[in-house]
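> According to the working numbering, the residues represented by the sequence shown are 1031 to 1392, in order. For each residue, glycine too, the CB sits at the ideal point set by N, CA and C. The model shown is predicted, which means the values in this text are computed figures rather than measured ones. The structure under discussion is supplied below as structure tokens; questions concerning it will follow.
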Amino acid sequence: TFPTDFDSIGNNDCGSTSSPFISNCNFDGAGAILQHIYGPLKPRNNGVLNGKFIEFNQGEFLMNSSAYGMSDTAWIYVPKSCSDGAICKLHITYHGCQQSYEKIGDKYIKNTGYNRWADTNNIIILYPQTVATNTIDSTSTDRESIPNVNGCWDWVGWYGGDFDVKSGKQSSAMKKMMDRITSGFNPIDSLIELQILATTHNSVSLSWRNVSSANGYNIYRNDSKTNNEIISDTTFTDNNLNSGTIYTFIVKAISSTGTESIASNSVTAKTIGNSPAVAMPNGLIATYITGNWITLKWNSVLDVATYNIYRNGNKVVDVRLTSFTDTCLKPATNYRYQVSSEKDIIESEKSIELKVRTLTLN
1031 TFPTDFDSIG NNDCGSTSSP FISNCNFDGA GAILQHIYGP LKPRNNGVLN
1081 GKFIEFNQGE FLMNSSAYGM SDTAWIYVPK SCSDGAICKL HITYHGCQQS
1131 YEKIGDKYIK NTGYNRWADT NNIIILYPQT VATNTIDSTS TDRESIPNVN
1181 GCWDWVGWYG GDFDVKSGKQ SSAMKKMMDR ITSGFNPIDS LIELQILATT
1231 HNSVSLSWRN VSSANGYNIY RNDSKTNNEI ISDTTFTDNN LNSGTIYTFI
1281 VKAISSTGTE SIASNSVTAK TIGNSPAVAM PNGLIATYIT GNWITLKWNS
1331 VLDVATYNIY RNGNKVVDVR LTSFTDTCLK PATNYRYQVS SEKDIIESEK
1381 SIELKVRTLT LN
């Protein structure tokens, strides 16, 4: 359990070892840790905090983050002095097993005492977040053979044999977050009032309320980004869609430093006309990348038994599963992938193109 010296809503008595695993034991754990690292500090703020909590898109720093035990979102506490321009330290605090936002909400973020010390000592607190993974990747030979059901940080190799070095998925994502914050983190509000303006046989038009601090917007259709360039307007028409098909959209605002906001409200639209004979697969992502192979995954299509895999515009194979591992690739090389559905010799349109780069081999 994480020890504190104050009571907070949802915290336990010292003798308890149950969720949220934060207990008033008359010991200031956060203060002890911070002073051990940074030396003597100014007294903490025991009153109302002056800073603000910001939820941000953690998935921006790790593709398919949940496959590697990291949540799509995380939190940061920014003291008012830091947002006003003071030079501030960055401190990362990793929650324990079963202490992620998924498990206990914001209790670890707000009830451990870190923010009290941060407020008076110019310290930004980063609260990265995990998610539990209830399955294992049976295709991988370098991962732990049991699932991470408690949402722990990877200290045994759940997500790869390089978990304890900087090339590990979680470690590299953390480094990207650190670099973003120390280069001038610019949090951005999420947009509101996303709505459907019009639909045709092959398009859906959207509009939303402007975010004053936004540098632009990204559009996501069925969880995949649709725009190649940043959208500067507050309207967008998504073309080349299938007729008679349901699509779900969200929009994210982008700050001047490239930070994406939390997603807007989602809206759903159905294009006019009849559905195509065979629907196109959606949700194409890369779930695992090495120097020589890439594992792809996509959403299943109802009543379809075969999927065609295209690499750089050329068909490489057809498969019956909704995943495929492309092997014998070149290191540090860009590849483009699409997937189509096939039923009774009729092939659907190809999916949205996915660009993936293999890792550099040392």
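Around the C-beta of V1369, are 16 or more other C-beta atoms found within 10 angstroms, so that it is buried, or is it exposed?
Against the sequence shown, residue 1369 aligns to sequence position 339. V1369 should be labelled buried.
> Using DSSP bridges, identify the partner residues of F1083.
Taking the sequence shown and counting its residues from 1, the one referred to as residue 1083 is at position 53. In the DSSP output, where bridge partners are listed per residue, F1083 has Y1107.
> What is the C-beta distance between A1316 and L1332, in whole angstroms, given that I count them as a contact (C-beta under 8 Å)?
In the sequence shown, the residue the question calls residue 1316 occupies position 286. In the sequence shown, the residue the question calls residue 1332 occupies position 302. At roughly 24 Å, the Cβ-Cβ gap does not stay under 8 Å, so A1316 and L1332 are not in contact.
> Using a 10 Å radius around the Cβ and a threshold of 16 neighbouring Cβ atoms, would you call S1381 buried or exposed?
For the purposes of this step, residue 1381 is identified with residue 351 of the sequence shown, where counting begins at 1. S1381 is buried by the Cβ-count criterion.
> Could you give the C-beta distance for K1206 and F1086, rounded to a whole number, given that I count them as a contact under 8 Å?
Here the question's residue 1206 lines up with position 176 in the sequence shown. Here the question's residue 1086 lines up with position 56 in the sequence shown. About 12 Å separates the two Cβ atoms, so there is no contact after all.
> Take P1361 and list the residues in its own chain whose beta-carbon comes closer than 7 Å to its own, dropping the five residues that flank it on each side.
In the sequence shown, counting from the first residue as 1, residue 1361 sits at position 331. Once the five neighbours on either side are set aside, the close Cβ partners of P1361 are G1321, N1322, T1388, L1389, T1390, L1391.
> Leaving out the 5 sequence neighbours to the left and right, which residues in its chain are closer than 6 Å to H1125 when beta-carbon positions are compared?
One-based indexing of the sequence shown puts residue 1125 at position 95. The residues are Y1138.
> In whole angstroms, give me the CA-to-CA distance for I1292 and G1181.
Residue numbering aside, residue 1292 sits at position 262 when the sequence shown is read from its first letter. Residue numbering aside, residue 1181 sits at position 151 when the sequence shown is read from its first letter. Answer to the nearest angstrom: the Cα atoms are 22 Å apart.
> Looking at C-alpha atoms only, which residue of T1142, K1133, N1338 is the closest neighbour of D1037?
Residue mapping note: residue 1037 aligns to position 7 of the sequence shown, counting from 1. Nearest option by C-alpha distance: T1142.
> Classify K1255 as helix, strand or coil using the three-state DSSP reduction.
Taking the first residue of the sequence shown as 1, we reach residue 1255 at position 225. The answer is strand: DSSP assigns K1255 an E or B state.
> Are the region 1235 to 1243 and the region 1196 to 1203 touching by the rule of at least three beta carbon pairs closer than 8 Å?
Short answer: they don't touch.
> In or out: W1105 buried (at least 16 other Cβ within 10 Å) or exposed?
Walking along the sequence shown from the start, residue 1105 turns up at place 75. Buried.
> Within this structure, are the beta carbons of G1313 and N1329 separated by less than 7 Å?
What you label residue 1313 is simply residue 283 of the sequence shown in a count that begins at 1. What you label residue 1329 is simply residue 299 of the sequence shown in a count that begins at 1. Yes; because the gap between Cβ atoms is below 7 Å, this pair is in contact.
> What whole-angstrom Cβ distance do T1301 and T1265 have, given they're in contact under 8 Å?
Your numbering for residue 1301 matches position 271 in the sequence shown. Your numbering for residue 1265 matches position 235 in the sequence shown. At roughly 18 Å, the Cβ-Cβ gap does not stay under 8 Å, so T1301 and T1265 are not in contact.
> How would you write the range of the alpha helix (DSSP H) that T1212 sits in, first residue to last?
Indexing the sequence shown from 1 puts residue 1212 at position 182. 1199 to 1212 is the extent of the alpha helix (DSSP H) around T1212.
> Return the chain-ordered list of same chain residues with a C-beta closer than 6 Å to the C-beta of L1079, the five sequence neighbours on each side being excluded.
Here residue 1079 is taken as the residue at index 49 of the sequence shown, counted from 1. Only N1145, D1149 meet the Cβ criterion.
> For E1383, collect the residues of the same chain with a Cβ closer than 6 Å to its Cβ; drop the 5 residues on either side in sequence, then sort them by chain order.
Locating residue 1383 in the sequence shown gives position 353, where the first residue counts as 1. The residues are R1366, Q1368.
> Name the residue from N1152, G1040, T1336 whose alpha carbon lies nearest to the alpha carbon of L1064.
What you label residue 1064 is simply residue 34 of the sequence shown in a count that begins at 1. Comparing Cα positions, the closest option is N1152.
> May I ask you to report which of helix, strand or coil DSSP gives N1364?
Taking the sequence shown and counting its residues from 1, the one referred to as residue 1364 is at position 334. The answer is strand: DSSP assigns N1364 an E or B state.
> Ordered along the chain, which non-local residues of its own chain (more than five positions away) have a Cβ less than 6 Å from that of C1127?
Position 97 of the sequence shown, counting from 1, holds the residue named residue 1127. Excluding residues within five positions, the ones whose Cβ falls inside 6 Å are N1180, C1182.
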